[in-house]
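Notes to accompany the following structure.
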Amino acid sequence: MARVGVDVGGTNTDLVLEADHGVYFHKVASTPSDQSDGVLVGLRELCEQADVKPSDIDLIVHGTTVATNVTLENDGAGKLE
């Protein structure tokens, strides 16, 4: 049994995996053109690091600061003037 947390930011995607044999952390570059690319790369690398098969992951919790960053930086479609 394993659980994964993923936080996609504008620059980096942070991942944590909790398994019966320990807790593992990993960071990869975010992929703004398709956020799932960075998440999937990070998951593969994290599973390899933790010696966990992806099929053994029971739960993935996903969070992101991308929308918050766009709002705070006023850098998105329909910029506020």
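Quick note, the sequence shown lines up with residues 15 to 95 if you use our numbering.
In this text, a Cβ means the ideal position worked out from N, Cα and C, and glycines have one as well.
It should be emphasised that the depicted structure is a prediction, and the values quoted were computed from it without experimental measurement.
For Thr25, collect the residues of the same chain with a Cβ closer than 7 angstroms to its Cβ; drop the 5 residues on either side in sequence, then sort them by chain order.
-> Ser44
Any idea if Thr79 is buried or exposed, counting beta-carbon neighbours within 10 angstroms, 16 or more meaning buried?
-> Under this definition Thr79 is an exposed residue.
Asp48 to Val20 span [Cα, whole Å] | 15 angstroms
Sequence-distant residues of its chain with Cβ nearer than 8 angstroms to Gly77 (five each side left out) = Gly19, Val20, Asp21, Val22
Between the CA atoms of Thr85 and Ser69 - distance to the nearest angstrom | 36 angstroms
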